[in-house]
Amino acid sequence: MAKRNDAVATLSRRGFMIAGASASGALVFGIPFGVAQTAGEERRLGFFIEIRASGDVIIGSNQPEIGQGVRTALPMLVAEELDVEWDHVSVRSMPLGLVRTADGYTWKYGGQGVGGSTGLTSNWDYMREVGARARYQLIRAAAEQLEVEPAECRTEPGIVVCDSVNARLPYGELVERAAALEPVDEPVPLKASSDYRIIGSAQNAVDLESIVTGAVQFGIDTYQPDMRYAAIARSPVLNGTVKSIDDTVAREVDGVLDVFEIQGPAPDEPYQILASGVAVVATSTWAAFRGRDALTVEWEPGPNANDSTAAFWKDCSEMLTKETGQVVVDDGDYDAAMANAVQRFVRRYEVPFANHAPLEPQNCYADVGADRCHIIAPTQTPSGASRSAAWATGLERDQIQVDFTRVGGGFGRRLTNDYVAEAALVSKRIGAPVKLTWSREDDVRNDFYRPAGLHEMHVGLDAQQRVTAWSHRLASASKYFRRPNMPDEKLWEAELYADDFPRNIVENLRLEYFNHRIGVPRGSWRAPAHTANAFVVQSFIDEIAHETGQSPLDLRLQLFGDERELDYGNHGGPTFNPGRLTRLTKFVAEKIDYNRVRPKGSGVGLAAHFTFGGYGAHAIEVSVTGAGELSIDRIVAAIDCGLAIHPDAVKAQLEGGTVDGISTALGLEITVADGRIEQSNFHDYPLARIGVFPENFEAHIVPFDDKPTGVGEMGIPSAAPALTNAIFAATGVRLRRLPIKEQLKNAMA
Amino acid sequence: MAKHSLRVNGTDIVFEGDGATPLLWVLRDAAGLTGTKFGCGIGQCGACTVHIDGQSRRSCITPVATLNGQAVTTIEGLATKEALHPVQQAWVELNVPQCGYCQAGQIMATADLLARKPAPTDDDINTELTNICRCGTYPRIRKAVHRAAELLQAEKDASNG
Chain A
845 MAKRNDAVAT LSRRGFMIAG ASASGALVFG IPFGVAQTAG EERRLGFFIE
895 IRASGDVIIG SNQPEIGQGV RTALPMLVAE ELDVEWDHVS VRSMPLGLVR
945 TADGYTWKYG GQGVGGSTGL TSNWDYMREV GARARYQLIR AAAEQLEVEP
995 AECRTEPGIV VCDSVNARLP YGELVERAAA LEPVDEPVPL KASSDYRIIG
1045 SAQNAVDLES IVTGAVQFGI DTYQPDMRYA AIARSPVLNG TVKSIDDTVA
1095 REVDGVLDVF EIQGPAPDEP YQILASGVAV VATSTWAAFR GRDALTVEWE
1145 PGPNANDSTA AFWKDCSEML TKETGQVVVD DGDYDAAMAN AVQRFVRRYE
1195 VPFANHAPLE PQNCYADVGA DRCHIIAPTQ TPSGASRSAA WATGLERDQI
1245 QVDFTRVGGG FGRRLTNDYV AEAALVSKRI GAPVKLTWSR EDDVRNDFYR
1295 PAGLHEMHVG LDAQQRVTAW SHRLASASKY FRRPNMPDEK LWEAELYADD
1345 FPRNIVENLR LEYFNHRIGV PRGSWRAPAH TANAFVVQSF IDEIAHETGQ
1395 SPLDLRLQLF GDERELDYGN HGGPTFNPGR LTRLTKFVAE KIDYNRVRPK
1445 GSGVGLAAHF TFGGYGAHAI EVSVTGAGEL SIDRIVAAID CGLAIHPDAV
1495 KAQLEGGTVD GISTALGLEI TVADGRIEQS NFHDYPLARI GVFPENFEAH
1545 IVPFDDKPTG VGEMGIPSAA PALTNAIFAA TGVRLRRLPI KEQLKNAMA
Chain B
1430 MAKHSLRVNG TDIVFEGDGA TPLLWVLRDA AGLTGTKFGC GIGQCGACTV
1480 HIDGQSRRSC ITPVATLNGQ AVTTIEGLAT KEALHPVQQA WVELNVPQCG
1530 YCQAGQIMAT ADLLARKPAP TDDDINTELT NICRCGTYPR IRKAVHRAAE
1580 LLQAEKDASN G
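Chains as they are written, first to last, in the working numbering: chain A, 845 to 1593; chain B, 1430 to 1590.
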């Protein structure tokens, strides 16, 4: 009998599982999740597990798939505990499940939303318990049929086995009897990690074949009966408004049905949609785009018409030079330690605004009626989509049905559902179903951009070259800009994660923040502030090492130190173990043979960072010609995500994060002049292509224990600093401003 | 209203409408073939890549009026009834896709590359595959291109042997 440990999930078990028979006679398991269950249809909606008489198993996927592999990984957890062969599993999408209770809305199928690398960790116990309870139901059914005790039964994949009576009953044959049993409330044991057959090994990814044949449906692939098509011309100036519309020519475009104004939020108000604009409704996407091109709109420029990134950088520099900011961490005695330091250095680093640029442009299908609304959208937050539709329509949220599709890239952009609100506004106005499609230009110019910031770093070292004082002064445009109920004194929290390295490692530590109120909308961009702060901190460590004649590898190992749990109050806590960064740094350094002397013009850079509960590191080898032509010759990336549920998918996330980090560091920047975003499409927002990345590209998993962390964001933060550290090692040119663009060529000229 | 005829995946289609309409939108909005994706609309990203008379083209900047009955193959027409195309097989073997949005275009571009260069070098891949993948599946695409070349060669060997 398989060894079982006594780990049981900590969720409330009261009515955890309901079981029944579907119309076709299959056994179905669902989760009432804290709400009174009504009979009939309700019991059949959104079930997690359906076991057919054939033995085929259908598992519900309740989370948005944005390419992170959650549609495979979460059903793997269910299948593991249910004990079935993965080949017999298919996965079905579940809609948003919200139900109204006396005090608001609650989740019918568990929380539904992906971001912050939480999809897996937040469902780790929950999904396994779903599978374990269903398995136990089958064991009880077998025991009843065989007239033995459940304890005499065990399972093999897809079969209940009772050795005492020498019986083997396939799950499919137990369907009817199991459906008639009332599920038990007692704790059900979960498998020991040593018994995993599915978790931790390669499994076929769900939907793979339908992706390569073009059959898989993204949001933009939604086509419904009587559907109209819409495009919106948005104000080109931040916070601009519509002054006048001349739609004479637009209405003559073949297929154009209607033209009307969409009112955006007032400046400084929280965003429901991003901008004021003019909607064009037509009989096809192309007609809507053509009609929009034919509009003549006069815009009222509004209060941000003079905003520019040039002024932003100047302001940030002046703030750091002349003012004292909000001191948000002040450990030890920073001033005294700095006064006593034998060596001191100051460096400034710049990280620009960045566009999310998911390859599937924003889009949403909305069908708004007098007392109901149907939304089909690619979103990371289906519940947010429901809120946005409620705002736009004035309907109650239980009158709104939200179906979420596979998502053509998230990166944090689709945590916000402004495009859902827009589509619902348009559908409500025309009284017909509509699909709103953004163009690439719409997406580049209307985003919740990654915040830009100017970072000033100070360090003090004692006579033994130990780091005794450290300060990080940041002037930036906080992500929390225009959030509802957000006081100014909390804006820093989105930009400096107080407990990040070197908290509790460097004794005398000060973090200081200055907010800039530029009118650029901003939001969460994959691994939010970690991308900026890892670049800054990991570059600065390198600079300290070079200035003091130490090896950048040795200094990192010394600063990270041994394994120990430090308190970590930010997202990804409750603890941070810097020794796991030591392990990873050593790992990538050995793989790339860090200490080997390279020829002139070649060099290796290292970086490591703790992100939202997981650990990532990079070693990158580059060569640079005398003219400053950069070639990335080798990439070694490593992740410690605890237990890797689906190792191949973990490596995929690490590879993708690395590519994202390097692509963004090389060439991506959003700039503003005269209140307008200056970039518009991939010709001036040049995502890197395959040729940038070498064939020597390794992604490694360094296992740690038996608990998983998320994996979507750990691959990105250390990539950029490893690259710029490598460039320094190869050339002696220190790049402190991202993106790199022509800086290296200019420096070498 | 002008009529434009084209042959898509072996089926004759007549599109009645603006001849400036990009093939992309004819395929998606009129023909119901949604595997070909809209990414940029200016021929930069390649998500809309299809084959026209066997050669890869960016359908978002190809007006339907320019086709004159030429044969269009989309991702839906790449596999045979019996089997996936070797490029698709390689993509499955190496679990290339993440979000999957660009992959139809990547696969169509690769099928064209391999038809012209059955054993591409890494340099060939670097210069000829210019499609954007926002998720960063490039390391796997590279491996899958080489694997697809092997599979195609094996297919040829089998049919010659």
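For glycine and all other residues, C-beta sits at the position ideal for the given N, C-alpha and C. All values derive from a computational prediction rather than experimental measurement.
Chain B contact residues for residue i, given Cβ-Cβ distances below 7 Å
i: Arg1533/A; result: Thr1559, Ile1561
i: Glu1539/A; result: Asp1551, Arg1571
i: Phe1062/A; result: Tyr1530
i: Val1503/A; result: Gly1565, Tyr1567
Reduced DSSP secondary structure (H/G/I, E/B, other) of residue i
i: Ile1536/B; result: helix
i: Ile893/A; result: strand
i: Arg1578/A; result: coil
i: Ala1508/B; result: coil
i: Gly1423/A; result: helix
i: Arg887/A; result: Interpretation of Arg887/A is limited by its pLDDT of 38, a score under 50 that renders its predicted location unreliable; the figure taken from the coordinates is listed afterwards. Helix at Arg887/A.
i: Phe1292/A; result: coil
i: Asn1377/A; result: helix
i: Tyr1015/A; result: helix
i: Gln1170/A; result: strand
i: Cys1489/B; result: helix
i: Asn1148/A; result: coil
i: Gln1245/A; result: strand
i: Tyr1530/B; result: coil
i: Met1301/A; result: strand
i: Thr882/A; result: Unreliable placement is indicated for Thr882/A, whose pLDDT of 40 sits below 50; no coordinate value is reported for it.
i: Ile1571/A; result: helix
i: Pro1396/A; result: helix
i: Phe877/A; result: Because Phe877/A sits at a pLDDT of 43, beneath the cut-off of 50, its placement in the model cannot be relied upon, and the following sentence gives the value as read from the coordinates. Reduced to three states, the DSSP call for Phe877/A is coil.
i: Asn1261/A; result: coil
i: Asp1137/A; result: helix
i: Arg1442/A; result: coil
Chain-ordered chain A contacts of residue i [CB-CB under 7 Å]
i: Val1521/B; result: Leu1052, Glu1053, Val1056
i: Ala1508/B; result: Thr1057
i: Ile1504/B; result: Thr1057, Gly1058
i: Pro1547/B; result: Chain A residues near Pro1547/B: none, gap ~19 Å exceeds 7 Å.
Closer than 9 Å at the beta carbon, the chain B residues around residue i
i: His1527/A; result: Cys1469, Ile1471, Gln1473
i: Thr1130/A; result: What sits at residue 1130/A in the sequence shown is Trp, not Thr. Chain B residues near Trp1130/A: Gly1446, Asp1447, Ala1449, Thr1450, Pro1451, Leu1453, Trp1454, Val1455, Asp1458.
i: Ser1283/A; result: Phe1467, Cys1469, Gly1470
Local Cβ density within 10 Å of residue i, reported as buried at 16 or more and exposed below that
i: Asn1207/A; result: buried
i: Asn849/A; result: Note that Asn849/A has pLDDT 33, beneath the 50 cutoff, so the model's placement of it is unreliable and no number is given.
i: Asp1441/B; result: exposed
i: Pro1443/A; result: exposed
i: Thr1556/B; result: exposed
Closer than 8 Å at the beta carbon, the chain A residues around residue i
i: Ala1476/B; result: Leu1203
i: Ile1536/B; result: Val1056
i: Thr1556/B; result: Gly1535
Where residue i meets chain A, residues with beta-carbon distance less than 9 Å
i: Gly1464/B; result: Thr1057, Gly1058, Ala1059, Val1060, Asp1065
i: Gln1484/B; result: None at all; the shortest Cβ gap to chain A is about 19 Å.
i: Leu1513/B; result: Glu1053, Val1056, Thr1057
The stretch 1510 to 1526 of chain A contacting the stretch 1411 to 1420 of chain A, beta-carbon criterion three pairs below 8 Å: The stretch 1510 to 1526 of chain A, when compared against the stretch 1411 to 1420 of chain A, does not touch it at the 8 Å Cβ threshold.
Stretch-stretch touch, CB-based, cutoff 8 Å, three pairs: the stretch 1249 to 1259 of chain A with the stretch 980 to 1000 of chain A: no
Cβ contact (3+ pairs, closer than 8 Å) linking the stretch 1268 to 1282 of chain A and the stretch 1304 to 1324 of chain A: no
The stretch 1164 to 1172 of chain A / the stretch 1353 to 1367 of chain A touching (three or more Cβ pairs under 8 Å): yes
At least 3 beta-carbon pairs within less than 8 Å: the stretch 1502 to 1512 of chain A vs the stretch 1563 to 1576 of chain B: With contact defined as three or more Cβ pairs closer than 8 Å, the stretch 1502 to 1512 of chain A and the stretch 1563 to 1576 of chain B are in contact.
Entirely enclosed beta strand (DSSP E) segments - the stretch 1450 to 1479 of chain A, minimum 3 residues: 1458 to 1468
Any 3 or more C-beta pairs closer than 8 Å across the stretch 1358 to 1374 of chain A and the stretch 1537 to 1549 of chain A: Flag = no, the stretch 1358 to 1374 of chain A and the stretch 1537 to 1549 of chain A do not touch.
The stretch 1075 to 1088 of chain A / the stretch 1116 to 1123 of chain A touching (three or more Cβ pairs under 8 Å): yes
Meets three-Cβ-pair contact criterion under 8 Å: the stretch 1518 to 1528 of chain A and the stretch 1572 to 1589 of chain B: The answer is no - the stretch 1572 to 1589 of chain B does not touch the stretch 1518 to 1528 of chain A, with fewer than three Cβ pairs under 8 Å.
Alpha helix (DSSP H) runs wholly inside the stretch 886 to 958 of chain A, at least 4 long, in chain order: 914 to 926
Completely contained alpha helix (DSSP H) runs for the stretch 1052 to 1115 of chain A, where each covers 4 or more residues: 1052 to 1056, 1092 to 1096
contact_flag[the stretch 1531 to 1541 of chain B, the stretch 1465 to 1484 of chain B] where n(CB pairs < 8 Å) is 3 or more: yes
The stretch 1470 to 1479 of chain A in contact with the stretch 1148 to 1165 of chain A per 3-pair CB rule at 8 Å: No, the stretch 1470 to 1479 of chain A does not touch the stretch 1148 to 1165 of chain A.
Every unbroken beta strand (DSSP E) within the stretch 969 to 1051 of chain A, with a cutoff of 3 residues, ordered by chain: You should have 997 to 1000, 1003 to 1006, 1011 to 1014.
Secondary structure, beta strand (DSSP E): runs of 3+ residues fully inside the stretch 1498 to 1579 of chain A: 1541 to 1545
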